[in-house]
Amino acid sequence: MNENNFSFIAKKIGMTNVFNEQASNIPVTVLTYTKHTVVRIKNQSCDGYDALLISTGNEVKDSKINKSNKSLFHKSSTPCMSKLYEVRLNSPEQPFVVGSVLAIENLAIGTLLTVRGVSKGKGFAGTVKKYGFATQDASHGNSRSHRVPGSTGQRQTPGRVFIGKKMPGQMGNKISTVEHIPIFQIDPTRNIIVLQGSIPGAPGSYVTLTTKLKQISEMIFKN
Numbered sequence: 074m075n076e077n078n079f080s081f082i083a084k085k086i087g088m089t090n091v092f093n094e095q096a097s098n099i100p101v102t103v104l105t106y107t108k109h110t111v112v113r114i115k116n117q118s119c120d121g122y123d124a125l126l127i128s129t130g131n132e133v134k135d136s137k138i139n140k141s142n143k144s145l146f147h148k149s150s151t152p153c154m155s156k157l158y159e160v161r162l163n164s165p166e167q168p169f170v171v172g173s174v175l176a177i178e179n180l181a182i183g184t185l186l187t188v189r190g191v192s193k194g195k196g197f198a199g200t201v202k203k204y205g206f207a208t209q210d211a212s213h214g215n216s217r218s219h220r221v222p223g224s225t226g227q228r229q230t231p232g233r234v235f236i237g238k239k240m241p242g243q244m245g246n247k248i249s250t251v252e253h254i255p256i257f258q259i260d261p262t263r264n265i266i267v268l269q270g271s272i273p274g275a276p277g278s279y280v281t282l283t284t285k286l287k288q289i290s291e292m293i294f295k296n
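Numbering of the sequence shown is given in the working numbering, commencing with residue 74 and proceeding in unit increments.
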């Protein structure tokens, strides 16, 4: 893909730390990626917009995917893969062919990426853990209310709790995007990319990477 619309999916292996030339300890995240194959080309006349439907991940059996995705793979004569996503095209004149493998290039050490993934799910959490609220008094007549959020509403006017109030509930397991993550190291022979710092997602999860900041919303997961 060209540099203006370069985006792909990688699998998070985990985090580690390395030392640079100045002997500084730097936390890094290790990612691996597989080939990206064009499954379908969308256009203005048929779909109303220009985009590529791309498959990646691990090869799976036909019985492991739904019928609609199975028909896409069969029509394109490509193997069934575990991940299928869509990338919008800025210019429809770009030469893409169904079944072609996209080369992941234009990557260099120091390139800033935007990374999007699903954060780790922490389950139900209170306001102290979820938002960092201060606890109430441990003594002075406080009984079993040390970690409660306190009052959440007002009087008769407005007589309701405002939308967006920080309350106990599900923590994590949401789409999270981080920007300006530099590439620390690249190993094209083993399809490994090392990013400096941390990114959302648990080890084994898939994240989307793009070199076009603020435009990662153009990528849409299909499964």
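Cβ coordinates follow ideal geometry from the N, Cα and C atoms, glycine included.
Asked: Report yes if the CB atom of residue 174 is closer than 9 Å to the CB atom of residue 111, and no otherwise.; Found: yes
Asked: Checking the sheet assignment: what are the DSSP bridge partners for residue 132?; Found: 154
Asked: What residue does the beta strand (DSSP E) around residue 219 start on, and which one ends it?; Found: Looking at the DSSP string, residue 219 is not in any beta strand (DSSP E), and its letter there is neither H nor E.
Asked: Alpha carbon to alpha carbon, what distance is there between residue 125 and residue 172?; Found: 11 Å
Asked: What separation, rounded to the nearest whole angstrom, lies between the Cα atoms of residue 118 and residue 162?; Found: 14 Å
Asked: Is residue 299 near residue 188, with beta carbons less than 9 Å apart?; Found: Nothing can be reported for residue 299, as the shown portion of the chain is limited to 74 through 296.
Asked: When you compare the region 255-269 with the region 92-109, are there three or more beta-carbon pairs, one atom per stretch, that lie closer than 8 Å?; Found: yes
Asked: Tell me, which residues are paired with residue 80 by DSSP?; Found: 283
Asked: Note down the Cα distance separating residue 185 from residue 271, rounded to an integer number of angstroms.; Found: 14 Å
Asked: Under the rule that 16 or more other beta-carbon atoms within 10 Å means buried, what is residue 85, buried or exposed?; Found: buried
Asked: Could you give the uninterrupted runs of the beta strand (DSSP E) lying entirely in the region 167-239, keeping only those of 3 residues or more?; Found: 185-191 and 196-198
Asked: Tell me whether the region 230-246 and the region 189-208 touch, counting them as touching only if at least three CB pairs, one residue from each stretch, are closer than 8 Å.; Found: yes
Asked: Beta carbon of residue 207: closer than 8 Å to some heavy atom of the ligand MG?; Found: With respect to the ligand MG, the structure offers nothing, as it holds no ligand at all.
Asked: Straight-line CA distance for residue 107 to residue 127?; Found: 12 Å
Asked: Could you give the distance in angstroms between the alpha-carbon of residue 140 and the alpha-carbon of residue 282?; Found: 28 Å
Asked: Could you give the DSSP three-state label for residue 98: helix, strand or coil?; Found: strand
Asked: Assuming residue 183 contacts residue 256 under a Cβ cut-off of 8 Å, what Cβ separation, rounded to an integer in Å, is found between them?; Found: 6 Å
Asked: By alpha-carbon positions, which one of 260, 249 and 113 ends up nearest to residue 147?; Found: 113
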